[in-house]
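Below is one structure, written out as structure tokens; the observations come after it.
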Amino acid sequence: MRKLAAGNWKMNGTGDDLDEVRALIDAAPAPKRTDIVLCAPATLIHRMGEIAMGSSVQVGGQDCHPKTAGAHTGDISAAMLREAGASFVIVGHSERRTDHRETDIIVRAKAMAGFAEWMRVILCLGETLAERQAGRTLEVVGGQLEGSLPTSFPPEIKPKDALIIAYEPVWAIGTGLTPTNDEIAEVHAFLRTALVARFGEAGQEMRLLYGGSVKPSNAAEIFALPNVDGALVGGASLKAADFSKIVQALDAA
Ligand code: PEP
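In the numbering used here, the protein residues as written are 223 to 475.
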């Protein structure tokens, strides 16, 4: 299975920041076992795609609307993302679940919209600090997986390639805090078992990413954990110098 280093620029970046994409391509020209994707603000997808064409870096969107088109001011469809040059899309990020009150049902519809456009979908799950402290992490994450996984896939979509799960504890995102290695390993083992129960052997080959304050200094130890097949990285993906070190740590794991 190829690993995946996914960067999430969130609402950061204007044209000047595209130099970071050029620098990343130079710093990580051809990882042996790792795919790289930068999920850009919609305004940068097209230009990023032009810069990244033919390189090791692919481009993704950060969200899509469940519908293909229509009266949804400010939203963007998977078809639009794809046309702009994205081949991945993040759905269910905790910032979307919180800021835009997205439920599992909405997240599932967005994932299905992504698959309908032949995109790879990074589906995010994760517990809040209160839920972890109440001992409810596996219940919450399991419920989100059950509630937001698509119930069917278009015939041309192979879930093992197209579906990527990102475990992102909400309290670890952008805070500098991370779960212990045992806590990450526990959730990833739980998710692996759930994916195998749902998809059979294909579930063994689905990529499971960890996300939440991944940095060059903690990447190697996180990537050494079982069932961690990559990372979804926010802050540290904005600078090529940091993100390329994370890519290298993943490729070496
Ligand atoms: C994220 O945006 O998904 C994320 C994990 O952010 P950070 O790496 O900054 O914690």
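C-beta: ideal position from N, C-alpha, C; glycine also.
Does the ligand PEP have even one heavy atom less than 7 Å from the beta-carbon of residue i?
i: Val232; result: In the sequence as presented, Val is not what sits at residue 232; that position holds Lys. Yes, since a heavy atom of the ligand PEP falls inside the 7 Å radius drawn around the Cβ of Lys232.
i: Glu390; result: yes
i: Ala458; result: yes
i: His322; result: no
i: His410; result: no
i: Val436; result: yes
i: Ile395; result: yes
i: Gly433; result: yes
i: Leu430; result: no
i: Leu454; result: yes
i: His287; result: no
i: His315; result: yes
Let me see if you follow: with CB-CB separation under 8 Å, is residue i close to chain D or not?
i: Tyr432; result: Protein chains in the displayed structure number just one, and chain D is not present.
Determine the closest residue to residue i out of the options, with distance taken between C-alpha atoms.
i: Ile379; options: Glu423, Glu324, Val469, Arg342; result: Arg342
i: Pro288; options: Ala249, Gly282, Ser299; result: Ser299
i: Pro479; options: Ser278, Leu260, Ala333, Ala264; result: The question about residue 479 has no answer here: the residues shown for the chain are numbered 223 through 475.
i: Arg330; options: Ala338, Gln355, Leu371, Ala228; result: Leu371
i: Ile306; options: Glu339, Ala333, Phe421, Asp321; result: The sequence given here has Ala at residue 306, not Ile. The residue with the shortest Cα to Cα distance from Ala306 is Glu339.
i: Ala441; options: Lys461, Val469, Phe375; result: Val469
i: Phe375; options: Gly336, Lys225, Pro401; result: Gly336
i: Ala411; options: Ile395, Met428, Leu460; result: Met428
i: Ala416; options: Gly456, Gly357, Glu368, Met233; result: Glu368
i: Ala301; options: Val311, Gly434, Thr295; result: Val311
i: Gly433; options: Val455, Glu443, Gly422, Met233; result: Val455
i: Ala407; options: Val418, Pro448, Leu385; result: Pro448
Can you round the beta-carbon distance between residue i and residue j to whole angstroms, since I take them to be within the 8 Å contact cut?
i: Ala458; j: Asp464; result: 4 Å
i: Ile267; j: Val281; result: 6 Å
i: Leu360; j: Ile387; result: No, Leu360 and Ile387 are not in contact; Cβ-Cβ is about 14 Å, not under 8 Å.
Using a threshold of 8 Å, state whether the C-beta atoms of residue i and residue j are closer than that.
i: Ala262; j: Gly235; result: yes
i: Leu240; j: Met270; result: yes
i: Leu413; j: Phe445; result: no
At a cut of 8 Å, does the segment 384 to 392 reach the segment 346 to 355 through at least three beta carbon pairs? Pairwise C-beta distances place the segment 384 to 392 in contact with the segment 346 to 355, as three or more of them are shorter than 8 Å.
So, do the segment 304 to 315 and the segment 355 to 364 have three or more beta carbon pairs nearer to each other than 8 Å? Too few Cβ pairs lie closer than 8 Å, so no.
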